[in-house]
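K.L.:
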Amino acid sequence: GWDQLEAELQGGVPCRSHVARALVSAGICTSPGLAYRQWLGPDSFRRPQLEAHAAMEQVHQFDGLVFWAHPFGDDVQRHGQLLVSAGLDGVETLSRNLSPANRQIAQDFQRAHQLGECGGSDLHFETPRRKIGQYGVEESRIDDRLIETTMVN
Numbered sequence: 001g002w003d004q005l006e007a008e009l010q011g012g013v014p015c016r017s018h019v020a021r022a023l024v025s026a027g028i029c030t031s032p033g034l035a036y037r038q039w040l041g042p043d044s045f046r047r048p049q050l051e052a053h054a055a056m057e058q059v060h061q062f063d064g065l066v067f068w069a070h071p072f073g074d075d076v077q078r079h080g081q082l083l084v085s086a087g088l089d090g091v092e093t094l095s096r097n098l099s100p101a102n103r104q105i106a107q108d109f110q111r112a113h114q115l116g117e118c119g120g121s122d123l124h125f126e127t128p129r130r131k132i133g134q135y136g137v138e139e140s141r142i143d144d145r146l147i148e149t150t151m152v153n
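According to the numbering used here, the stretch in the sequence shown is residues 1 to 153, in order.
Right, dumping it as structure tokens:
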């Protein structure tokens with residue numbers, strides 16, 4: 001029920017994964033996968049289209065930074081130059097989700113365009129096997145602007 005959903009949120013913004021886990025906690029489903037199949041359905045809806053330069057301009061108007069998460073090799077080739085010309089501030093180069101080959105492509109791209117660098121686990125919630133804080137990045141590798149923003153907020 002609602003109490004299970006609020007417990008999953010932990011003060012955050014609800015998304016489909018929170019609802020799926022709350023359905024399991026409430027005993028309505030036996031697994032998040034079943035919750036998606038039986039109750040939530042596929043995540044398929046037409047998303048509004050926003051050009052990269054317009055999105056980055058809006059972020060920059062509020063003193064935000066735009067970092068490219070999950071820059072997989074083919075995407076770097078297809079979209080990298082467009083994102084740089086639109087105002088990209090940095091790129092995720094250190095992530096457990098990037099293969100060694102994709103990590104190297106991201107690092108080469110980051111250096112070639114003198115972009116900021118960031119990384120992390122991409123862990124949206126804890127599980128029994130994966131805890132927040134198990135994957136880290138040396139502070140010296142992180143773009144100073146990200147550290148300053150975190151310290152202010």
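Cβ coordinates follow ideal geometry from the N, Cα and C atoms, glycine included.
If you reduce the DSSP assignment to three classes, tell me which class glutamate 138 lands in.
P.N.:
Counting from one through the sequence shown, the residue named residue 138 turns up at place 138. Correct three-state label for glutamate 138: coil.
K.L.:
Excluding five sequence neighbours on each side, which residues of the same chain lie with their C-beta closer than 6 angstroms to the C-beta of valine 66?
P.N.:
The sequence position of residue 66 within the sequence shown is 66, counting from 1. Only Met56, Val59, Leu88, Asp89 meet the Cβ criterion.
K.L.:
Using only the alpha-carbon positions, how far apart do serine 31 and histidine 113 sit?
P.N.:
As a working note, residue 31 is residue 31 in the sequence shown. As a working note, residue 113 is residue 113 in the sequence shown. Taking the straight line from one Cα to the other gives about 44 angstroms.
K.L.:
Would a C-beta distance cut-off of 9 angstroms place arginine 16 and leucine 40 closer than the cut-off?
P.N.:
By one-based count along the sequence shown, residue 16 stands at place 16. By one-based count along the sequence shown, residue 40 stands at place 40. The answer is yes: Cβ separation under 9 angstroms.
K.L.:
Per DSSP, what are the beta-bridge partners of glutamate 92 in this structure?
P.N.:
To locate residue 92, count along the sequence shown from 1; it is residue 92. BP columns for glutamate 92 point to Cys118.
K.L.:
Could you tell me which of Ala22, Arg46, Arg47, Pro48 sits nearest to tyrosine 36, measuring between CA atoms?
P.N.:
Taking the first residue of the sequence shown as position 1, residue 36 is located at position 36. Nearest option by C-alpha distance: Ala22.
K.L.:
What distance in whole Å lies between the Cβ atoms of leucine 98 and alanine 86, which are believed to be in contact at a cut-off of 8 angstroms?
P.N.:
Here residue 86 is taken as the residue at index 86 of the sequence shown, counted from 1. Here residue 98 is taken as the residue at index 98 of the sequence shown, counted from 1. Contact doesn't hold; Cβ gap of about 22 angstroms is too wide.
K.L.:
Near glycine 12, which residues of its chain fall below 8 angstroms by C-beta distance, leaving aside the five closest residues on each side in sequence?
P.N.:
Numbered from 1 along the sequence shown, position 12 holds the residue referred to as residue 12. If we look at glycine 12 and ignore the five residues flanking it on each side, its Cβ neighbours are His18.
K.L.:
Within 10 Å of its beta-carbon, does glutamate 6 have 16 or more other beta-carbons around it, so buried, or fewer, so exposed?
P.N.:
Locating residue 6 in the sequence shown gives position 6, where the first residue counts as 1. With fewer than 16 other Cβ atoms within 10 Å, it is exposed.
K.L.:
Per DSSP, which residues does phenylalanine 67 bridge with? Please list them.
P.N.:
Position 67 of the sequence shown, counted from the first residue, corresponds to residue 67. According to DSSP, which records beta bridges pairwise, phenylalanine 67 is partnered with Gly90.
K.L.:
Can you list, in chain order, the residues of its chain whose CB lies under 7 angstroms from that of leucine 83, leaving out five sequence neighbours each side?
P.N.:
In the sequence shown, the residue the question calls residue 83 occupies position 83. So the qualifying residues of the chain are Ala52, Trp68.
K.L.:
What do you get for alanine 20, buried or exposed, if any count of 16 or more other CB atoms within 10 angstroms of its CB means buried?
P.N.:
Translated into the one-based positions of the sequence shown, residue 20 becomes position 20. Burial call: buried.
K.L.:
Tell me where the alpha helix (DSSP H) around serine 17 begins and ends.
P.N.:
Your numbering for residue 17 matches position 17 in the sequence shown. Note, serine 17: alpha helix (DSSP H), 16 to 25.
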